[in-house]
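For the sequence shown, the numbering used here gives the first residue as 1061, with consecutive numbering after it. We put the beta carbon where it would ideally sit given N, CA and C, even for glycine. Since the model is a prediction, treat every value here as computed from it, not as a measurement.
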Amino acid sequence: MERAVADLAHAALVQSALVNAAAPAPVDFAGPAPAISLERAADIAQREALLDLAFGRAARLAKTSERLREGRMPADGLAFAAHGADGRVVGTLRMWHVTAGPARPALLLGPLAVHPWFRDRGLGKAMMVTAINEATRLGHGAILLVGDAPYYARFGFERGLTDGLWLPGAFERARFLGLELRSGALKGARGLVSPTGDFLAAPSLSELIARESVPAALKRSA
């Protein structure tokens, strides 16, 4: 019963944000470019709605990469959101702690999503450059991702760097890419990519019910 109510509560939060994101006020494209900053707690519902809009909720949660993210916190200082002039989240990119085989720390990048308003306007590129530069500054050695090889090649990602690595589920080898931030960080890497980030503390049922955006009907059903 508690699991069902929690699932309904989460769905209500995401659906509310998705409705707001799907029927927005007109956007002033002549205005300032979206501002990229570290993600805030207030961004979470809109971020989830944006990811659902970009990929479809069921499809994105079924991806093998999600097995390396679910239940984990993103890497410190490497969860980014882009906000439009009205403050709404129009872009998201996060990185996660993993191992690229035994005892070889790396980051997993993704998902990267940009609202349809801002596609082909350089926002995705700006978020990638911001994230890679910050990961380098923080001393990380390598980044892995699953994505479109021609797109990510422009940022230095290579197919050959992941030849000896495997993901915990089905994946397309041609889309499994790596980037060395430190020379040799992925040299000879072999084995299974595994999550190593801190576990995400799940909200209690009472916390979910107490949130203002949970419909009253859900509160009564508990």
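For residue 1198 and residue 1139, what's the separation of their Cα atoms in angstroms?
13 Å
DSSP three-state assignment for residue 1115, whether helix, strand or coil:
helix
Taking the C-alpha atoms as reference points, what is the distance between residue 1085 and residue 1150?
Because residue 1085 sits at a pLDDT of 43, beneath the cut-off of 50, its placement in the model cannot be relied upon, and the following sentence gives the value as read from the coordinates. The straight-line gap from Cα to Cα measures roughly 13 Å.
What residue ranges within the stretch 1220-1271 form continuous beta strand (DSSP E) runs of no fewer than 3 residues, ordered along the chain?
1236-1240, 1251-1255
Euclidean distance between Cα positions of residue 1259 and residue 1201
22 Å
Strictly by DSSP, which residues pair up with residue 1140?
1098, 1153
Using the Cβ count rule (16 or more neighbours within 10 Å means buried), how would you classify residue 1134?
buried
Using DSSP's beta-bridge definition, name the partner residues of residue 1159.
1165, 1254
Is residue 1164 buried or exposed, if buried means 16 or more other CB atoms sit within 10 Å of its CB?
buried
Report the rounded CA-to-CA distance for residue 1115 versus residue 1194, giving the unit in angstroms.
26 Å
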